[in-house]
Amino acid sequence: MEIDLEWFGSQGAEAERAVQALQLKTAAHDGTWGLGQADWNADLRAGTLTFTGERMQAVTRVQVVGTYDTDSGTFLWGWDHPSVPESVAQAARAVLAFAQEHGLQGLQKRKVACTEDDAWAFTALAAQLTDAQGAYRGPAGPTLVFMTFSDVQLSGIPDTQWSGKEDGQ
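The numbers in my numbering rise by one with no breaks, and the one at position 63 of the sequence shown is 54.
This is how it looks when you write it as structure tokens:
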């Protein structure tokens, strides 16, 4: 991942730690219950993000950090996004408060031109600031929805734990 640390000013080391922590969390979720292979569905009114695999389902609480438009290369923060209810914009607001506290002007603009890796770094920082259990980037056409999640509730058998032998052999 190649992030532009200028977004984070004097807090660049904090952003790098957040990215590293998120990478570890993502690897753990992928290895434990197959995050990377699961289908996803966000219900913003209910505040849930559901991942569904062949033999399992994970239901989580969701926060929308923002959306990345792959056509224009811009990120629109969840704290001022017309499609994001206030109840699921708290992680984005945590980054805004952090940016205001540390004088990070670029992170205080509602829409910024950046790379997809930068959008991941913004999301990693949101996850760290809110103690989220993980993050996900869900594609919706040319738009990528960057979300954090917490309170993972698993049901069924995670695909990564399934041997395919139903009789125990």
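By construction, the Cβ of each residue, glycine as well, lies at the ideal position given by its N, Cα and C atoms.
Only a predicted model underlies this, so the values are computations on that prediction, with no experimental measurement involved.
DSSP, reduced to helix, strand and coil, places T61 outside both helices and strands of the structure shown, so it counts as coil.
Taking the Cα of Q2 as reference, the smallest distance to any Cα among T139, L95, G147, V103 is reached at L95. By the Cβ criterion, the stretch 46 to 59 is in contact with the stretch 76 to 89, since at least three pairs of Cβ atoms, one from each stretch, lie closer than 8 Å. Non-local C-beta neighbours of R101 in its own chain, meaning closer than 6 Å and more than five positions away in sequence, comprise W68, D71, ordered along the chain. In the same chain as G129, and ignoring 5 residues on each side of it, the C-beta atoms closer than 6 Å to its own belong to W31, V136, in chain order. If you look at V75, you'll find it isn't in any alpha helix (DSSP H); DSSP assigns it neither H nor E.
Distance from D122 to D(-5) at the Cβ level is roughly 25 Å; contact not present, criterion being Cβ atoms closer than 8 Å.
D109 sits in a helix when the DSSP states are folded into three classes.
When C-alpha distances from M138 are compared across A112, W24, C105, G44, the shortest belongs to A112. The Cβ atoms of H93 and G25 lie no closer than 8 Å to each other. Under the 10 Å beta carbon count, G44 is surrounded by 16 or more other beta carbons and is classified as buried. A Cβ-Cβ distance of about 12 Å is found for the pair P73 and L35, leaving them out of contact under the 8 Å criterion.
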